[in-house]
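Engineer: If you're matching positions, the sequence shown starts at 710 in this note's numbering and goes up one per residue. My structure is below; once you've seen it, I'll send some questions.
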Amino acid sequence: MAFGPLSRSAFRLVVALLVIGSFAAARLHGQAVGATLSGTITDSSGGVIANAEVAILNTATGETRAVNTNAEGIYSAPNLIPGNYSVTVSATGFSKAVQSGITLTVGGSQTLNVTLKVGESTQTVQVAAEAPTVNLTNAEIGSITDETTIKELPLNGRSWSDLANLQPGVYQLHTQPDVQSRDRFTRGYGLQESISGARPQQNNYRVDGISINDPANGGPGNVLGTNAGVDAIAEFSVLTTNYSTEYGRASGGIINATTKSGTNQFHGAVYEFLRNSWFDAPNYWDAKDANGNYIVPEFRRNEFGVDAGGPIIKNKTFIFGDYEGLRQTKGLSYGSPIPSATYLAANPASPLIQPYLSAFFPLDGMLNGKQVCQIQPGSVTTNFCVFGANQVSNEDYYIIRGDHKISDADTLSATFYRDKANTNTPDEYNNKIVETATSSTFATIAETHSFGSNLVNSARFGFHRDFQGGPAGAIAVNPATSDTTFGAFPGFDAPQVFIGGNAVFTGGLTSDNPQRNNWNTFQFYNDAFLTKGKHALKFGFSVERDQLNVLRSPRPGAIFQFTNMAAFLNDCGGTVTPGCSGVAATQKVSTDLPGLTAPSEPRQSMFGVYVEDDWKFRPNLTLNLGLRYEPTTVPTDPLGRNATLPTIYDTTGNQLPMCGKQFTNAAGSVICNAQTNGLFRNNNLHNFDPRVGFAWDPQNNGKMSIRGGFGFYDQLPLIAFTGSTANSQTYPFLLAGSSGNLASGSFGEIGTYPASCAGPLLPMACQVSPGTVKGSRAAFIDQDPKRAYVMQWNLDIQRQLLPNLTAMIGYVGSHGVRGTTQVDDVNIVLPIYTPLGYLWPCDNIATGTVLPPGGNISQCPGLGSGTILNQTVGRLPSTFFRNSSVYHGLEVQLNKRMSHGFQVTGSFTWQKSIDTASGAVISDSVITAISSLNWFDPRLTRGVSDFNDPKVLSINGVWNIPTVKTLHGFTGGIVNGWQVNGIFQASAGQPFSAILAGDVLGLNNTDSFAYPNRLTGPGCDSLTNPGNIANYVKLQCFQIPAPVVYQGHNYIPLGNAGRNIMTGPGLATFDLSFEKNTPVARVSETFNIKLRVDVFNLFNRANFNPPVQNEFLFDPTTVTPGFMPAPGPSGPCPSAGDSTSGCVGSAGALSSADRTATESRQMQLSIKFIW
């Protein structure tokens, strides 16, 4: 646990604050586990009443919390269980006042001021006024979803975490990698949600006050991307900005869920939810039969369960439990690119490529004599293999919760749940079935003790375990996927193939390198609350210990990358051979050494200490003053299996990495030096976070609140970002070599490793004989990072327009400083910086060979002739602390609470998030991301965030259709009891980039990319054609950069198009449900049969993803300098993507390979027996 040179003083400070936090107290506002009720008791003249008794009764459990007002007439009752309450206020010489119908919500802070009338104490006055609906206590922006809304809204997938998308400032990303992909495994299976412009990995998801983030610190979720147990959630809240100092571990949003507890009445339900493709509409990309009719893929979903709760001892001990099971067979529509028959006839495959092409690519829709898919035309070079295949999924979830009242001053609660799921998914050509699995285990126990009426202490311990397994090639649908004759290594299966702008094939069964993640986190929190005068003080501390146990198998099948279809068919590389256009048609390869596994066990500890004061400065003005200190340790591995290079540069040729301890090989040579300051210098010893805010009621009537705040929030270097696979699945623990510029004819010819490379600790000089793969993969992390943090601020107005109608409008802003920047491979040929911008060699200056007159950049003789940064290693994934982000947002919400049988909430966000890098983990967090940006100059990567969506609208409502009271019996049973629920969501679209195919700049790394030039001619103010599927991108607004002359030599410039300059298609969905409630009084007073129909995407709108598969606009190897396609009747590419037009495949088109962002219209039928 390396704290660095300030460890002793930092430790003393932590201990001191922990001791203070154990005995001091503060009032809870926005507390993550319970709710707070507070206020002021006055007489009719406005004078405060001291020592008045406030009895707060939970009407479900019968538990009463009694508190007394202080000398200022103020009372506070923190950490109350969310639910319905009745409040009785009494004082000597005054009549009792009783107010019922008060609903307290998870994390909520509600103000209830009561005026007592002079009279006998035996007299009772019923207070009819509604409790205030505006926040009068703090500056945080957040929203609450109650139990009724959770159960009634039509949630597609019945996932409670989807409720966050209904709140202002929250946007759910729809451009996530498929669940069977390596990128999705690395990023995590839960849905990604950006909250107030933050990365999805900057949020904290909590159940009963315990964090349940996944190993990548993303949103929790099973392999289906959902969170089961919606029937077990009592309250749900989202805090989007300026939350108080009690909340740590996040610089984005806080998502809180509280599980149900038993009550004094036995309640429960048995339910069944069914779906079938017979009720579904076709997806836009579904295959069609011979008559042109859509073939709707098979879909069967059966979700069933039971929940029940009640008292074990009335008013004292309660229990609740829920089980939910899912069995699903879902047909997926695929549209995978393949070489077109026309193009193959004119460009036959080379002898090395042809067997591979015939075995794995269904060129005519057939493989092994079986119909695999339908062929749909795409372009001259590329067609689409369209087929439907079944994804089979299973899930079992159960939860149990107990609550016990030890005494009037002590309560105890405990929760345990487990969720286990798996899925089998076909790959892109239905060659194999890929298996993935997840499980989640959660346990917590909490105790709350009252020390008199003004002091409360709450302590809780929690444990969360997350297991992720996969992806693994489990079943060979096509026998060729298990045929080792196609392997690049002896005894292994076919390699993977990536073809720029065209096809992706994920190889044989051994190409998926299965991985197992076991994530364990142990958490303890203590919060104490004290009301003293006008100050509501709160102190607390937290301790968290995280463990990530990773076991990764190698990927020996290798990955070959080609610039374009012609380069693949002709097995082109960096040498000019027949059929190959030259050095720009590069062929690259990366692979792991067979037979080795790479286990790692990173560990990390986090601490939090905070103090908060809600100071009632005036009766209508509350000031929030807080400070949090949150140091963390640097991730370590108990066996020293984390490594980093001391620098990304190699000037000596024999640079060694630094590991958790010194490692030597069998010959006794040092192959990894011991780290002196841990994996990196600890940059978290000065994590002091002041947070201030105010809430002002200008009219002093509880109906209006003007609020504002400012605070610091830490971007912690968690295991997911700094101590995970990038620094453990690397040399010297795993040999993973690569080469950026193979010779033509190299496909599948990797060769063998020499015997000296047969051990788990390898010399860095190990190379594959005869030298196809050079240099092992190594990793780098910034060795001397500075503190990373986010500043948040907001100003908003809340107004109660009617007793049940509240409006909010506010401005939210943030600025992130020195967040992590992840780059998949920094080992590039660096450019020179000139008055013309950054330039890469075109002429071969060393040999004097120059670009021929009129030549294009693919003919540059010096392309890639520069020296990569580190010649000792191959791929070099790196982590820097340099991301800068800015967010500005307008958030609006209108909330009508349930009255007259109707409730509705509408949220709108108008926002812009800008950063220099959006990915929090190595690999692509979203499918539109560029994983190896121009890291050497952050100015080149600045743009709107990958997760930015400028306009987001969400409306949800519940309507209990009025009953006809004159109807009874059978007729009344049919006509009455109907309810309609709905969710409408719309957004403007996510950003994406235009890039060129191949290694246009000569970067010579494994993850090259380049931008085209953006033109500003007529019609190019907007770069897309909304609604035009075939030509979504205006290709006429882009141009391939031509070589430029600098100091007498030709160079290749960086295109000016930039990152994320285009916006993908907008999204809109409307989900609607109809339900019929039929009480059966003959069974019991509470027995009810609920029949329900949910219709998701009611209008069957096709919500397209951005053209990710077609983001490679041009192929520079086929065109002349300054080529620019001209618009025409058949689209911007006059030859529909042939090799003479310069357009790649179906460049700029929306395609079936990208699928749709949402499903087609689907129906769900359900029945629920409730008692």
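Using N, Cα and C, we set each Cβ at its ideal position, and we do this for glycine too.
Check whether the stretch 1021-1028 touches the stretch 1105-1123, taking contact to mean three or more Cβ pairs, one atom from each stretch, closer than 8 Å.
Structural biologist: Enough Cβ pairs lie closer than 8 Å, so yes.
Engineer: Can you list the beta strand (DSSP E) stretches of 3 or more residues lying completely in the stretch 771-803, in chain order?
Structural biologist: As far as the stretch 771-803 is concerned, its whole beta strand (DSSP E) runs of at least 3 residues are 773-777, 783-789, 792-799.
Engineer: Residues in its own chain within less than 7 Å of ILE1428 by CB, not counting five upstream and five downstream?
Structural biologist: Taken in chain order, the residues that qualify are ASP1255, LEU1257, PRO1311, GLN1313, PRO1344.
Engineer: Am I right that GLN974 and GLY1030 are in contact with their C-beta atoms under 8 Å? What's the rounded C-beta distance?
Structural biologist: GLN974 to GLY1030, Cβ: 16 Å. No contact.
Engineer: Contact criterion: CB-CB distance below 8 Å. Does GLN1256 meet it with respect to chain B?
Structural biologist: Within the model displayed, chain B is absent; a lone protein chain is all it includes.
Engineer: Any heavy atom of the ligand SAM closer than 7 Å to the CB of THR967?
Structural biologist: Although the ligand SAM was asked about, the structure shown includes no ligands whatsoever.
Engineer: Could you tell me the alpha carbon to alpha carbon distance between ILE1541 and GLY1736, rounded to whole angstroms?
Structural biologist: For ILE1541 and GLY1736, the distance between alpha carbons rounds to 41 Å.
Engineer: Please tell me whether VAL1538 and THR1581 are closer than 8 Å, where the distance is taken between their beta carbons.
Structural biologist: Not closer than 8 Å, so no.
Engineer: By the 10 Å Cβ neighbour count, where 16 or more other Cβ atoms means buried, how is ASN1315 classified, buried or exposed?
Structural biologist: The question names Asn, but residue 1315 is Met in the sequence shown. Looking at its Cβ environment, which holds 16 or more other Cβ atoms inside 10 Å, MET1315 is buried.
Engineer: Measure the C-alpha to C-alpha separation of THR1145 and ALA1130 and round it to an integer number of angstroms.
Structural biologist: Answer to the nearest angstrom: the Cα atoms are 9 Å apart.
Engineer: Alpha carbon to alpha carbon, what distance is there between LYS1660 and ASN1759?
Structural biologist: ASN1759 and LYS1660: Cα-Cα distance of roughly 44 Å.
Engineer: In chain order, what residues of the same chain have a beta carbon less than 7 Å from the beta carbon of ASN1229, not counting five sequence neighbours either side?
Structural biologist: Closer than 7 Å at the Cβ level, and outside the excluded window around ASN1229, lie ARG1174, GLN1256.
Engineer: Give the straight-line distance between the Cα atoms of ASN874 and ALA1777, rounded to the nearest whole angstrom.
Structural biologist: Cα to Cα, ASN874 sits roughly 13 Å from ALA1777.
Engineer: Roughly how many angstroms separate the alpha carbons of VAL1817 and ALA1055, rounded to a whole number?
Structural biologist: Going by the C-alpha atoms only, they are around 28 Å apart.
Engineer: Output yes or no for whether 8 Å exceeds the beta carbon distance between ILE1770 and LEU1724.
Structural biologist: No; because the gap between Cβ atoms is not below 8 Å, this pair is not in contact.
Engineer: Are three or more beta carbon pairs between the stretch 1650-1665 and the stretch 1677-1695 nearer than 8 Å?
Structural biologist: Yes, the stretch 1650-1665 is in contact with the stretch 1677-1695.
Engineer: Just to confirm before moving on: does the CB-CB distance between GLY685 and TYR1720 stay below 8 Å?
Structural biologist: Past the edges of the chain, shown from 710 to 1880, lies residue 685, and the structure says nothing about it.
Engineer: Going residue by residue through the stretch 984-1044, where are the continuous beta strand (DSSP E) segments of at least 3 residues, counting only ones entirely within it?
Structural biologist: If we require 3 residues or more, the beta strand (DSSP E) runs fully inside the stretch 984-1044 come out as 1008-1022.
Engineer: To which residues does DSSP link LEU1443 through a beta bridge?
Structural biologist: According to DSSP, LEU1443 bridges with nothing at all.
Engineer: Where do the ends of the beta strand (DSSP E) carrying LYS1325 lie?
Structural biologist: Element bounds for LYS1325: 1312-1327.
Engineer: Answer yes or no: do ILE1738 and ALA1858 have a C-beta to C-beta separation smaller than 8 Å?
Structural biologist: Going by C-beta atoms, ILE1738 is nearer than 8 Å to ALA1858.
Engineer: For THR768, which residues from the same chain have a beta carbon less than 7 Å from its beta carbon, with the 5 sequence-adjacent residues on both sides left out?
Structural biologist: Contacts found: ASN793, TYR794, SER795.
Engineer: In whole angstroms, what separates the C-alpha of PRO1700 from that of PRO1328?
Structural biologist: The alpha-carbon atoms of PRO1700 and PRO1328 are separated by roughly 47 Å.
Engineer: Taking DSSP as the reference, what is the three-state secondary structure of PRO946?
Structural biologist: This sequence places Ser at residue 946; Pro is not what is there. Correct three-state label for SER946: strand.
Engineer: With burial defined as no fewer than 16 other Cβ atoms inside 10 Å of the residue's Cβ, what is the status of LYS805: buried or exposed?
Structural biologist: That one is buried.
Engineer: Count the C-beta pairs between the stretch 1002-1018 and the stretch 1055-1070 that are closer than 8 Å, then say yes if the count reaches three, no if not.
Structural biologist: At 8 Å Cβ cutoff, the stretches do not touch.
Engineer: So, with DSSP's three-state summary, where would you put CYS1746?
Structural biologist: Three-state DSSP puts CYS1746 in a helix.
Engineer: Is the stretch 951-963 in contact with the stretch 909-919, if contact means three or more CB pairs nearer than 8 Å?
Structural biologist: Contact between the stretch 951-963 and the stretch 909-919 is present, because at least three Cβ pairs lie under 8 Å.
Engineer: Going straight from the alpha carbon of TRP1668 to that of GLN1688, what length do you get?
Structural biologist: Approximately 6 Å between the Cα atoms of the pair.
Engineer: Checking 8 Å against the spacing of the C-beta atoms, do VAL1635 and PHE1656 come in under that value?
Structural biologist: Yes; because the gap between Cβ atoms is below 8 Å, this pair is in contact.
Engineer: Would you check if the distance between the CB atom of GLY1171 and the CB atom of ILE919 is smaller than 8 Å?
Structural biologist: Yes, the Cβ-Cβ distance between GLY1171 and ILE919 is below 8 Å.
Engineer: Would you give the residue range spanned by the alpha helix (DSSP H) that ALA1383 belongs to?
Structural biologist: Unbroken run through ALA1383 is the beta strand (DSSP E), 1379-1383; no alpha helix (DSSP H).
Engineer: Since PRO1399 sits in a beta bridge, which residues does DSSP pair it with?
Structural biologist: LEU1336, per the DSSP bridge assignment.
Engineer: Who does CYS1094 pair with in a DSSP beta bridge?
Structural biologist: CYS1094 is bridged to SER1045, ILE1084.
Engineer: With a cut-off of 8 Å on the beta carbons, I'd call SER1654 and SER1627 a contact; round off their distance for me.
Structural biologist: At roughly 5 Å, the Cβ-Cβ gap stays under 8 Å, so SER1654 and SER1627 are in contact.
Engineer: Look up SER1696 in the DSSP assignment and give the residues it is bridged to.
Structural biologist: Paired residues: VAL1661, LEU1776.
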